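Those protein sequences? They're chains A and B, same order as listed. Going letter by letter, the first sequence gives residues 22 to 379 in this note's numbering. Going letter by letter, the second sequence gives residues 22 to 379 in this note's numbering.
There are 2 protein chains.
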Amino acid sequence: MTDGLDDETPALTRTGGAAVRTARRVSMADVARVAGVSAQTVSRVSNGHPGVVEATRTRVLAAMAELGYRPNRLARALVGGDLRTVTALTSDTAPYRAAETLRGLVASARDTGYSLWLSFLDEETTTEETDFTALLPHPGAPVVVIAHDEATVAAARALRRIQPVSTVAAGGRGLVGVPDGADWVLGFDERADAAEATRFLLGLGHETVHHLANPLRIHRMAGWASALLDANRPVPPAVGCASTVQSGREAADPLVRDPEVTALLCDSDEVALGVLRAAREAGRDVPGSLSIVAFDDSPIADCLIPALTTVALDYRGLGRGAFELLRQRLGGDAAPDAPVWKAPRLIVRETTGPPPRR
Amino acid sequence: MTDGLDDETPALTRTGGAAVRTARRVSMADVARVAGVSAQTVSRVSNGHPGVVEATRTRVLAAMAELGYRPNRLARALVGGDLRTVTALTSDTAPYRAAETLRGLVASARDTGYSLWLSFLDEETTTEETDFTALLPHPGAPVVVIAHDEATVAAARALRRIQPVSTVAAGGRGLVGVPDGADWVLGFDERADAAEATRFLLGLGHETVHHLANPLRIHRMAGWASALLDANRPVPPAVGCASTVQSGREAADPLVRDPEVTALLCDSDEVALGVLRAAREAGRDVPGSLSIVAFDDSPIADCLIPALTTVALDYRGLGRGAFELLRQRLGGDAAPDAPVWKAPRLIVRETTGPPPRR
DNA sequence: CTGAAAGCGCTAACAA
DNA sequence: TTGTTAGCGCTTTCAG
Numbered sequence: 022m023t024d025g026l027d028d029e030t031p032a033l034t035r036t037g038g039a040a041v042r043t044a045r046r047v048s049m050a051d052v053a054r055v056a057g058v059s060a061q062t063v064s065r066v067s068n069g070h071p072g073v074v075e076a077t078r079t080r081v082l083a084a085m086a087e088l089g090y091r092p093n094r095l096a097r098a099l100v101g102g103d104l105r106t107v108t109a110l111t112s113d114t115a116p117y118r119a120a121e122t123l124r125g126l127v128a129s130a131r132d133t134g135y136s137l138w139l140s141f142l143d144e145e146t147t148t149e150e151t152d153f154t155a156l157l158p159h160p161g162a163p164v165v166v167i168a169h170d171e172a173t174v175a176a177a178r179a180l181r182r183i184q185p186v187s188t189v190a191a192g193g194r195g196l197v198g199v200p201d202g203a204d205w206v207l208g209f210d211e212r213a214d215a216a217e218a219t220r221f222l223l224g225l226g227h228e229t230v231h232h233l234a235n236p237l238r239i240h241r242m243a244g245w246a247s248a249l250l251d252a253n254r255p256v257p258p259a260v261g262c263a264s265t266v267q268s269g270r271e272a273a274d275p276l277v278r279d280p281e282v283t284a285l286l287c288d289s290d291e292v293a294l295g296v297l298r299a300a301r302e303a304g305r306d307v308p309g310s311l312s313i314v315a316f317d318d319s320p321i322a323d324c325l326i327p328a329l330t331t332v333a334l335d336y337r338g339l340g341r342g343a344f345e346l347l348r349q350r351l352g353g354d355a356a357p358d359a360p361v362w363k364a365p366r367l368i369v370r371e372t373t374g375p376p377p378r379r
Numbered sequence: 022m023t024d025g026l027d028d029e030t031p032a033l034t035r036t037g038g039a040a041v042r043t044a045r046r047v048s049m050a051d052v053a054r055v056a057g058v059s060a061q062t063v064s065r066v067s068n069g070h071p072g073v074v075e076a077t078r079t080r081v082l083a084a085m086a087e088l089g090y091r092p093n094r095l096a097r098a099l100v101g102g103d104l105r106t107v108t109a110l111t112s113d114t115a116p117y118r119a120a121e122t123l124r125g126l127v128a129s130a131r132d133t134g135y136s137l138w139l140s141f142l143d144e145e146t147t148t149e150e151t152d153f154t155a156l157l158p159h160p161g162a163p164v165v166v167i168a169h170d171e172a173t174v175a176a177a178r179a180l181r182r183i184q185p186v187s188t189v190a191a192g193g194r195g196l197v198g199v200p201d202g203a204d205w206v207l208g209f210d211e212r213a214d215a216a217e218a219t220r221f222l223l224g225l226g227h228e229t230v231h232h233l234a235n236p237l238r239i240h241r242m243a244g245w246a247s248a249l250l251d252a253n254r255p256v257p258p259a260v261g262c263a264s265t266v267q268s269g270r271e272a273a274d275p276l277v278r279d280p281e282v283t284a285l286l287c288d289s290d291e292v293a294l295g296v297l298r299a300a301r302e303a304g305r306d307v308p309g310s311l312s313i314v315a316f317d318d319s320p321i322a323d324c325l326i327p328a329l330t331t332v333a334l335d336y337r338g339l340g341r342g343a344f345e346l347l348r349q350r351l352g353g354d355a356a357p358d359a360p361v362w363k364a365p366r367l368i369v370r371e372t373t374g375p376p377p378r379r
């Protein structure tokens, strides 16, 4: 190696087929040599340890800059240090909620110099008998599980057993099987949100409100039921569905054929889309003969016809919050006590109105 | 907190705040001791190296199983070995395409024992002056860029310069700025797909077809234009838009107000949803006065009202293909020459019909 | 066919 | 305040 400056990949390309190895990284030793200090001092500077006199510090920093030094996170992690990586564990990133939560997670991770390792729960592999260690970059790696279905909730629990401190289930609060109030769980106040939406529908004059619910979200159900009870209304059986368009369509089918059903609370915008289709096929006019309120306020809500009345939920903020909580539990910083996400907000659009006249 | 029942966290929790270290992993040395061989032999077995007599092999394997040994990938990578990790680089996982591609990637990665590192391009950080090394787990890490917009395309190009072998742009072929025919790029035959969709619309009797296009997808535009030209039809200016619902709605606005526009080819289902809304606001009936064909066949296509005529594209397969290609380029296996994804397919639903009578 | 030695890049512990 | 010694878990030489 002669000059500096080159970094990139000069002659290397021709290495011939297999795993081209990059031009020997600049290591701490290199920096140390240039700065005329020991590797240890470079380490201290690199990690912002106290007790390095300003003069040397500057010298080391200069050498780092000159050489384009970047610490090798693998080596750092190997000695028990921090890989500076969060593992996001989930079963699907396609649903709006999951995608947004992930985005929030990634954003704050990056802001703090963390990288994101993404692990998917295998759909086939059953129950808790998953090999979680295989899902992690290394044992003990901090993970945030983005919990929104049975598989992810089970995973959150199982992980707790293996890794006491480092797991946080974003969106988990209010899910069956996730201990409520656990300090490693983060989620919206689903009970209040559902109650509010239900009251809104009641206020429009509906006799009662039906619920197309994700069976996992017990707090939503509780909020819905109690709002009904408080108003002395009958509580119809909740109808279970997954949080997908198709599932919504199928689950809604019997409901929309029942003229008694005039107001419907849906688990998500995706579900509501399916409901809209089912209603149309059953000849139900929305909102003329059927009102719909959903949750999420994803980008589709605004453009559907009719546009969806829905509760806007800040999943991105939730993702950010999950990361903060994780760092905090890892002993990083003090608790970030400012509220992390925007308050939920019922956005009234076109799918809601008074019940049909009898 | 007193009770039992709460399972989890045995004695470990009390370690006191910071990074609880898990109960010392079992290492190669441990296995070696139990098997009565040297660590080196364990390594050989672990990596399937030849030249280990069957008897020892079995013994080592038994010891591994007994101890629950898992190789430490960080240590392995540190010595120049393979981290067994793919980095997916993209700007957003929310769009259906990106989400599905990612899924495919993750699926085949897992099947081969790889993990996935997810890196997001920073929206703010401009141009190619991004610090790509910072986006990678370690220098030289193999990455698949899921390219679908300017930022990702730029990233794909920039990465090439740094890492000759290991990048593959899924979905990149046919994007401006990605060298066509490059053997590190994988994508659908967008030209043919767009031409087919255009011909379909022409066949319905439309005088011409307008195009709400992602300006990056030149091959789509080429296919569309040439289908028009082949049929001796006028080629109207393509209207640019991003691949989002809102962008579709805005971009479609002038188009749907123009009665001359009777057929519209849209960049994605998301865009088409926005178009549907714009059409509705302009009082255009779909498909009565305006026909729409989109691309993707995402879950929403089927449930929109009217249901979307769209070209189904197998992004999941694309993701799988990208991973295979990557492995192959890394010198892994032979080329997987079986086609990796399902052929595109025009699914005719409810947004298409003959043009309005004049 | 198997083992021993050396070292990847880093940090904890101790010494100076 | 700084340097030295060790060693994380693994793989690559090179010997036996």
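Think of the CB as a built atom: it goes at the ideal place given N, C-alpha and C, for glycine as much as any other residue. Model, not experiment: these values are computed from the prediction.
Taking the alpha-carbon positions, what's the residue i to residue j distance?
i               : j               : result
R124 of chain B : G340 of chain B : 7 Å
A191 of chain B : L346 of chain B : 10 Å
D103 of chain B : M242 of chain B : 41 Å
L137 of chain B : R348 of chain A : 21 Å
D47 of chain A  : P160 of chain B : Note that residue 47 of chain A is Val in the sequence shown, not Asp. The alpha-carbon atoms of V47 of chain A and P160 of chain B are separated by roughly 11 Å.
E87 of chain B  : V52 of chain B  : 9 Å
R54 of chain B  : V74 of chain B  : 18 Å
D170 of chain B : R181 of chain A : 39 Å
P286 of chain B : A333 of chain B : What sits at residue 286 of chain B in the sequence shown is Leu, not Pro. Near 14 Å, if we compare the C-alpha coordinates of A333 of chain B and L286 of chain B.
F153 of chain A : D210 of chain B : 39 Å
Could you work out which residues of chain B lie near residue i, taking near to mean beta carbons separated by less than 9 Å?
i               : result
N93 of chain A  : L99, H159 and P160
L294 of chain A : P320, I321, C324 and L325
Find the residues of chain A that neighbour residue i, judging by a C-beta separation of less than 8 Å, and give them in chain order.
i               : result
V266 of chain B : P320, I321, D323 and C324
T114 of chain B : T114, A120, L123 and R124
R131 of chain B : F141 and D143
Along chain A, in chain order, which residues have C-beta atoms closer than 9 Å to that of residue i?
i               : result
L137 of chain B : W138, L139, S140 and F141
T330 of chain B : Chain A residues near T330 of chain B: none, gap ~16 Å exceeds 9 Å.
R298 of chain B : D323, C324, L325, I326 and A328
Return yes when the Cβ of residue j is within less than 7 Å of the Cβ of residue i, no when it is not.
i               : j               : result
R298 of chain B : A328 of chain B : no
V296 of chain B : G269 of chain B : yes
A322 of chain A : D288 of chain A : no
A216 of chain A : A168 of chain A : no
V174 of chain A : V199 of chain A : yes
P320 of chain A : V266 of chain B : yes
V256 of chain B : A263 of chain B : no
G261 of chain A : S312 of chain A : no
V107 of chain A : Y90 of chain A  : no
R194 of chain B : V186 of chain B : no
D284 of chain A : H227 of chain A : The question names Asp, yet the displayed sequence has Ala at residue 284 of chain A. Closer than 7 Å, so yes.
Mind checking who residue i pairs with in its DSSP beta bridge?
i               : result
S140 of chain B : B:L110
S129 of chain A : For S129 of chain A, which the question treats as bridged, DSSP gives no partner whatsoever.
C287 of chain B : B:L233
G261 of chain B : B:A234
V166 of chain A : A:L110 and A:A190
R366 of chain A : A:A333
D318 of chain A : Answer by DSSP bridge pairing: none, since D318 of chain A is not bridged.
S404 of chain A : Lying outside 22 to 379, the shown extent of chain A, residue 404 of chain A is not represented and no answer is given.
Apart from the five residues just before and just after residue i, which ones in its own chain have a Cβ nearer than 6 Å to its Cβ?
i               : result
A56 of chain A  : R80, V81 and A84
V282 of chain A : H231 and L276
L142 of chain B : S112, A172 and A176
A300 of chain A : V277, V307 and L311
With a threshold of 7 Å on Cβ separation, who are the neighbours of residue i within its own chain once the five nearest residues in sequence on each side are excluded?
i               : result
T77 of chain B  : V58 and T62
S64 of chain A  : M49
L325 of chain A : L294 and L297
A343 of chain B : L126, V165, V189, A191 and L207
G338 of chain B : G125, V361, W362 and K363
I368 of chain B : D318, T330, T331 and A333
Any heavy atom of the ligand SAH closer than 6 Å to the Cβ of residue i?
i               : result
G226 of chain A : Judged by which ligands are present, the structure shown has none, so any question about the ligand SAH falls away.
Under 8 Å Cβ to Cβ from residue i, same chain only, skipping five residues before and after it: list those, please.
i               : result
R305 of chain A : V277 and L311
Could you list which residues in chain A have their beta carbon closer than 7 Å to that of residue i, in chain order?
i               : result
R301 of chain B : I326
Strictly below 7 Å CB to CB, what residues from chain B border residue i?
i               : result
T154 of chain A : R91
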